[in-house]
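**Student:**
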Amino acid sequence: MDTIRCPYCHEYVASTVYAKHEAEHTKLQPDGQQAEYVTLPSEERFDESLEGVPQVYRHNKCGTCTGMPEEIIRSYLKNPYLYLADRTFCCGCGKHVPWRECIWVDTGEDLQSYTDKLRVEKPELRPGIFTWMLIRFVNLFR
Ligand SMILES: [Zn+2]
Ligand SMILES: [Zn+2]
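In my numbering, the protein residues as written are 1403 to 1544.
1) What ranges does the alpha helix (DSSP H) occupy inside the segment 1459-1520, keeping only unbroken runs of at least 4 residues that lie completely in it?
2) Quick check: T1468 and C1493, are their CB atoms within less than 8 Å of each other?
3) Going by DSSP, name the residue or residues bridged to A1421.
4) Which same chain residues end up closer than 8 Å to E1472 when comparing Cβ atoms and leaving out the 5 residues on each side of it in sequence?
5) Checking the sheet assignment: what are the DSSP bridge partners for Q1435?
6) Please output, in chain order, the residues near ligand 2 using a CB cut-off of less than 7 Å to any non-hydrogen atom of the ligand.
7) Would you say P1471 lies against chain B (beta-carbon separation less than 8 Å)?
8) What is the rounded straight-line gap between the Cα of H1374 and the Cα of E1523?
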């Protein structure tokens, strides 16, 4: 039987039921967040100190600050291509907003520029052009 390692809960799931399984994770909660977000398995995450790493961002449009969950920070520090949607959750708006509209409280840098820099440092992890285009395309309809 073919199995897929679920990028949300890291369990091995039969490929035939994976779509349904994944839908449970991405289902929006009453607060507007997904039930779970994609992360790297804990053994693959960045495991050094997060001192000096920005963790709280402010959404320009509403002025609300949101903390980035640690498991997500530790995942994108290892693979900055993991979150190709280029959006993050804003507690104030109760929805996902473009990185470009959010700035790190500590550094004043917007999340898009920040991630672009992380990506430049790891060109070997860059996904294939097809994956990239597909995600851009999906984003047009969000
Ligand atoms: Zn799962
Ligand atoms: Zn907002």
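The beta-carbon is built from N, C-alpha and C at its ideal position, and this holds for glycine as well.
The model shown is predicted, which means the values in this text are computed figures rather than measured ones.
**Tutor:** In short, the structure shows the following:
1) 1472-1480
2) yes
3) BP columns for A1421 are empty, so no partner.
4) L1452, Q1457
5) None, per the DSSP bridge assignment.
6) H1461, K1463, C1464, T1466, C1492, G1494, C1495, V1499
7) In summary, chain B is missing from the structure at hand, where a single protein chain is found.
8) In the structure displayed, the chain extends from 1403 to 1544; residue 1374 sits before or after that span and is not available.
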